[in-house]
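Undergrad:
There are 2 protein chains.
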Amino acid sequence: MDALSNQQLNQFREHAAAYVEFNEAEWIVCIQHLSILKLKKKEHFIEPGQVCKTLGFVLSGSVRYYHIIDGKDITNYFSFENDYVSSYKSFLTGEPSISYIQALEPTTILTVSKKNWDAMLNNPMLAYKIERFGRLLAEYYLICYEDRVTAFITQTPEERYLKLLESGKDIIRRMPQHYIANFLGITPVSLSRIRKRILV
Amino acid sequence: MDALSNQQLNQFREHAAAYVEFNEAEWIVCIQHLSILKLKKKEHFIEPGQVCKTLGFVLSGSVRYYHIIDGKDITNYFSFENDYVSSYKSFLTGEPSISYIQALEPTTILTVSKKNWDAMLNNPMLAYKIERFGRLLAEYYLICYEDRVTAFITQTPEERYLKLLESGKDIIRRMPQHYIANFLGITPVSLSRIRKRILV
DNA sequence: CTAATTTCTTATCTTAAGATAACGTTTTCA
DNA sequence: TGAAAACGTTATCTTAAGATAAGAAATTAG
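Residue numbers (my numbering), protein chains in the order written: chain L, 441 to 640; chain R, 441 to 640.
This is the structure we're talking about:
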């Protein structure tokens, strides 16, 4: 765990401002609960069986969420800089994580431990704004996942890929194709065929 | 809109207690923001294009969420008694809903309008607890949707159906099979084949 | 109570995805 | 820099799902 720089804190503060703005007094208390986590390429943020005790905000780099199913590596999700990262279900419920989260490049994450998160929720000075922050964050990801479920229900793999080409620029540009295939719910071979089909 | 009975309010209060407990003074103010909506069988809670201005709690009955895609009816989700109901994305963002929500039987829903929801969030007496309630509610559905996405990514349709047999008793027992098929991301014909396969 | 509608299954045919392997290319990293 | 690993495409074969239609069974509604 390194010290936090002002630059790092400001990067987070700016993004958090979309949800809640802290005054100076609050901010000073708030940042006492934060740490920096640096992950090397391929290092893990969380592994299955561990309880995820960290909620993170990616300052730089990227991570992927994946499962090992029958010995096969299946990528589920990505977070890039200025996204949040956690094995949410595990973080929120205290159950062990069922997935891996792995840095895909050297990645710097601003973190709050579950203990500090709960401390902020119980600190009268911060409680209201942290509740609000947590609500808006959860609502944001709720909507993301709702959209993704709807895509699985109503669209073909090809349609999902075409949509990703429009609205998933970061994923398309920065992720290898076999990760994207998993993310879309298909095999890499199948995605390769879809791409060929589309070009015709 | 009917008057609210004590029985109805208590039913909700008991379930809300899992998230937050209101004292008497708070509760009295809180319930001033609530209404009752009765839907007849096949009546709609929301239709595409409308902004969803209501968050509901199903007191009795059931609803299904569905889309019309290329003229075909695709069921996406269900809510039963003691579940919440809303076109969440629309309710939260103010964008028009993209799906229908329809009562499957005579259904009674305890509702809060977006206006009253926002009023409670801005009422100092209630703000903190409503933020907290909203956070825990959003977290609950975030986890539901996260699990569902993971199932699409990591499981076959057959595996998803087997899992539903275990943990989706209400859906299995109360919903017609073609709705369940959509919910699992497959066609009714395909689900019928899966069921035949499993029995062998 | 009967007619209409809905629901589920079955069959056929078509289409696309999964499994696997091979191969060339690119990237990694020791 | 050179060997190993990772990546993307292609081919083949298998399997399962989609589209469609028909018919039986169950449910609903007038």
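C-beta atoms are modelled at their ideal positions from N, C-alpha and C, and glycine is treated no differently.
1) Which residues share a DSSP beta bridge with R:His507?
2) Spatial neighbours of L:Lys555 within its chain, please: C-beta separation below 8 Å, excluding the five flanking residues on both sides.
3) Extract the residue ranges of the alpha helix (DSSP H) inside the segment 444 to 499 of chain L, only unbroken runs of 4 or more that lie entirely within it.
4) So with CB distances below 7 Å, who are the chain R contacts of L:Arg575?
5) Since R:Thr551 is in the beta strand (DSSP E), which residue starts that stretch and which ends it?
6) In angstroms, rounded to a whole number, what distance separates the CA positions of L:Lys603 and R:Lys481?
7) Out of curiosity, what's the CA-to-CA distance linking R:Arg504 and R:Ser519?
8) In chain order, what residues of the segment 508 to 534 of chain R put their CB closer than 9 Å to some CB of chain L?
9) Which residues in chain L sit within 7 Å of R:Glu586, going by Cβ to Cβ distance?
10) Have a look at R:Leu499, R:Ser445, R:Pro546 and flag the residue whose alpha-carbon is nearest the alpha-carbon of R:Ala456.
11) Helix or strand or just coil, what does DSSP make of L:Pro536?
12) Can you confirm whether the segment 575 to 590 of chain L touches the segment 527 to 534 of chain R when touching is taken to mean that 3 or more C-beta pairs between the two stretches lie within less than 8 Å?
13) L:Thr627 versus chain R: which residues are under 9 Å apart at the beta carbon?
14) Just to confirm before moving on: does the CB-CB distance between L:Ile541 and L:Ile486 stay below 9 Å?
15) Mind the definition here: the segment 468 to 484 of chain R touches the segment 508 to 517 of chain R only if three or more C-beta pairs lie below 8 Å; say whether that holds.
16) Roughly how far, in whole angstroms, is the beta-carbon of L:Ala465 from the beta-carbon of R:Tyr568, given that I think they are within contact range, below 8 Å?
17) Please report the straight-line C-alpha distance between L:Glu599 and R:Gly489, rounded to a whole angstrom.
18) How about R:Ile634 and R:Ile626: are their beta carbons less than 9 Å apart?
19) So which residues on chain R does L:Tyr619 lean against when the C-beta distance must stay under 7 Å?
20) Beta-carbon within less than 7 Å of R:Leu449's beta-carbon, same chain only, minus the 5 sequence neighbours each way: which residues are those?
21) Between which residues of its own chain and R:Ile570 is the CB-CB distance below 6 Å, once the five residues before and five after are set aside?
22) On the DSSP bridge list, what partners appear for L:Gln542?
23) Counting along the chain, where does the alpha helix (DSSP H) carrying R:Thr594 start and finish?
24) Per DSSP, what are the beta-bridge partners of R:Tyr524 in this structure?
25) Assuming contact is defined by CB atoms lying nearer than 9 Å, are R:Tyr585 and L:Tyr459 in contact in what I supplied?
26) Quick check: the Cα distance between R:Pro597 and L:Leu532, rounded to an integer number of angstroms?
27) Using a cut-off of 7 Å between C-beta atoms, extract the partners of R:Leu582 located in chain L.
28) Taking 9 Å as the CB-CB limit, is R:Val589 close to chain L?
29) Please determine, among L:Asn522, L:Met565, L:Leu544, the residue with the shortest C-alpha to C-alpha distance to L:Phe462.
30) Among R:Thr551, R:His507, R:Asp523, whose alpha-carbon lies nearest the alpha-carbon of R:Ala443?
31) For a contact meaning CB atoms closer than 8 Å, what does R:Ala567 contact in chain L?
32) To which residues does DSSP link R:Ser519 through a beta bridge?
33) Whose CA, out of L:Ser502, L:Val469, L:Pro546, L:Ile538, lies closest to the CA of L:Val491?
34) Do you know whose CA, among L:Gly501, L:Leu495, L:Glu454, L:Gln451, lies nearest L:Asp610's CA?
35) Straight-line CA distance for L:Leu641 to L:Asn563?
TA: From the atom records:
1) As a first step, residue 507 of chain R must be located in the second sequence, where it is residue number 67. Answer is R:Ile514, bridged to R:His507.
2) Here residue 555 of chain L corresponds to residue number 115 of the first sequence, with the count starting at 1. Excluding residues within five positions, the ones whose Cβ falls inside 8 Å are Lys493.
3) 446 to 456, 464 to 471
4) Locating residue 575 of chain L in the first sequence gives position 135, counting from the first residue. The answer, in chain order, is Glu571, Gly574, Arg575, Ala578.
5) By one-based count along the second sequence, residue 551 of chain R stands at place 111. 547 to 553 is the span of the beta strand (DSSP E), which, as asked, contains R:Thr551.
6) Taking the first residue of the first sequence as 1, we reach residue 603 of chain L at position 163. Taking the first residue of the second sequence as 1, we reach residue 481 of chain R at position 41. Roughly 35 Å separates the two Cα atoms.
7) For this step, residue 504 of chain R is matched to residue 64 along the second sequence. For this step, residue 519 of chain R is matched to residue 79 along the second sequence. Spanning the two alpha carbons is a distance of roughly 6 Å.
8) Ile509, Ile514, Thr515, Asn516, Tyr517, Tyr528, Lys529, Leu532, Thr533
9) The residue labelled residue 586 of chain R in the question sits at position 146 within the second sequence. The answer, in chain order, is Tyr528, Lys529, Tyr585.
10) By one-based count along the second sequence, residue 456 of chain R stands at place 16. Considering only alpha carbons, the answer is R:Leu499.
11) Mapped onto the first sequence, residue 536 of chain L falls at position 96. Of the three classes helix, strand and coil, the one that applies to L:Pro536 here is strand, per DSSP.
12) yes
13) Numbered from 1 along the first sequence, position 187 holds the residue referred to as residue 627 of chain L. Neighbours of L:Thr627 on chain R: none; closest Cβ ~12 Å, over 9 Å.
14) The count along the first sequence starts at 1 and reaches residue 541 of chain L at position 101. The count along the first sequence starts at 1 and reaches residue 486 of chain L at position 46. In this structure, L:Ile486 lies closer than 9 Å to L:Ile541 by Cβ.
15) no
16) In the first sequence, counting from the first residue as 1, residue 465 of chain L sits at position 25. In the second sequence, counting from the first residue as 1, residue 568 of chain R sits at position 128. Actually they are not in contact, since the Cβ atoms of L:Ala465 and R:Tyr568 sit about 18 Å apart, beyond 8 Å.
17) Indexing the first sequence from 1 puts residue 599 of chain L at position 159. Indexing the second sequence from 1 puts residue 489 of chain R at position 49. If I take the Cα positions, the gap works out to 22 Å.
18) By 1-based counting over the second sequence, the position of residue 634 of chain R is 194. By 1-based counting over the second sequence, the position of residue 626 of chain R is 186. Yes.
19) Position 179 of the first sequence, counting from 1, holds the residue named residue 619 of chain L. The contacting residues do not exist; L:Tyr619 stays about 12 Å from chain R at best.
20) The residue you call residue 449 of chain R lines up with position 9 of the second sequence. Ile471.
21) Sequence index remark: in the second sequence, residue 570 of chain R carries index 130 (1-based). Answer for R:Ile570: Met560, Leu561, listed in chain order.
22) Position 102 of the first sequence, counting from 1, holds the residue named residue 542 of chain L. L:His484, L:Arg504.
23) Counting from 1 along the second sequence, the entry for residue 594 of chain R is found at position 154. First-last of the alpha helix (DSSP H) with R:Thr594: 567 to 594.
24) Your numbering for residue 524 of chain R matches position 84 in the second sequence. Per DSSP, R:Phe497.
25) Working through the second sequence from its first residue, we reach residue 585 of chain R at position 145. Working through the first sequence from its first residue, we reach residue 459 of chain L at position 19. Taking 9 Å as the Cβ cut-off, R:Tyr585 and L:Tyr459 do not qualify as a contacting pair.
26) Sequence index remark: in the second sequence, residue 597 of chain R carries index 157 (1-based). Sequence index remark: in the first sequence, residue 532 of chain L carries index 92 (1-based). Taking the straight line from one Cα to the other gives about 28 Å.
27) Against the second sequence, residue 582 of chain R aligns to sequence position 142. Here the neighbours are Tyr528, Ala578, Tyr581, Leu582, Tyr585.
28) By 1-based counting over the second sequence, the position of residue 589 of chain R is 149. Yes - at least one Cβ of chain L is within 9 Å of the one on R:Val589.
29) The sequence position of residue 462 of chain L within the first sequence is 22, counting from 1. It is L:Met565.
30) Residue numbering aside, residue 443 of chain R sits at position 3 when the second sequence is read from its first letter. Measuring from the Cα of R:Ala443, the nearest candidate turns out to be R:Thr551.
31) Within the second sequence, numbered from 1, the residue matching residue 567 of chain R stands at position 127. Result: Tyr568.
32) Residue mapping note: residue 519 of chain R aligns to position 79 of the second sequence, counting from 1. BP columns for R:Ser519 point to R:Val503.
33) Here residue 491 of chain L is taken as the residue at index 51 of the first sequence, counted from 1. Of the candidates L:Ser502, L:Val469, L:Pro546, L:Ile538, the one whose C-alpha sits nearest the C-alpha of L:Val491 is L:Ile538.
34) In the first sequence, counting from the first residue as 1, residue 610 of chain L sits at position 170. Residue L:Gly501 is the option with its Cα nearest to L:Asp610.
35) Lying before the first or after the last residue shown, residue 641 of chain L is absent from chain L, which here runs from 441 to 640.
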